Amino acid sequence: MSVHTLASPVSAVPAVSAPTRLRLPDLLHATDRGADDVLSGRFDHLLPRGGLPRDDRWYTRLHGDDELDVWLISWVPDQSTELHDHGGSLGALTVLSGALSETRWDGEGLRRRRLAAGDQAAFPLGWVHDVVWAPDTTSGPTLSVHAYSPPLTAMSFYEVTDRTTLRRSRTELTDTPEG
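Sequential numbering from 50 applies to the sequence shown in the working numbering.
Spelled out as structure tokens, the structure:
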């Protein structure tokens, strides 16, 4: 079964209100399926010849339609996405290899968590976070699969003020993941 044939369970109360029929559990399922497909070699033809870049982030779309985008992203040291949201899109990720560090705004301050290979995370509307490569015992880039619904059209970027509040610094139109 391909990633785009997701079944959306019927629920009397949706997990989140959004301009999409998909819910966060559906996006987690999509990233899990995408991760399985990448690990099984289904998308080897999309990977760069000579291997993943070690100095720059790299990404490729694994699936895209009007409802869902699924991306494979590599993460390298010293590159940050900055604090951002996903506009009007829900998001989710599954870490395939290596580790990521996520810093998110919880309404009062910044909180951090580490996501290692096999870990998943979901991002409801309004989620503001920064994702970076995290050191681990493996060498090379970290790989993760991300899903967005509806597909990304804009991302806003933020800074934390001296008064410990969040201030939007800019908004960018985009159709690619993570800035």
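Cβ atoms here follow ideal geometry from the backbone N, Cα and C, with glycine treated the same way.
The structure displayed is predicted, hence computed values, not measured ones.
- When A79, L88, G136 and D93 are compared, the shortest CA-CA separation from D224 is found for G136.
- Exclusion of the five residues before and after T143 leaves T80, D81, A84, Q169 and V194 as the residues of its chain whose Cβ lies within less than 6 Å of its Cβ.
- When rounded, the separation of the alpha-carbon atoms in A196 and L139 is 8 Å.
- Of the candidates S205, A165, T214 and S89, S205 places its Cα closest to the Cα of T130.
- Residue pairing from DSSP places W107 in a beta bridge opposite S123.
- Residues of the same chain with a CB within less than 6 Å of the CB of V177, apart from the 5 flanking positions on each side, are L132, D134, W154 and Y207 in chain order.
- Per DSSP, the continuous alpha helix (DSSP H) segment holding V87 begins and ends at L73 to L88.
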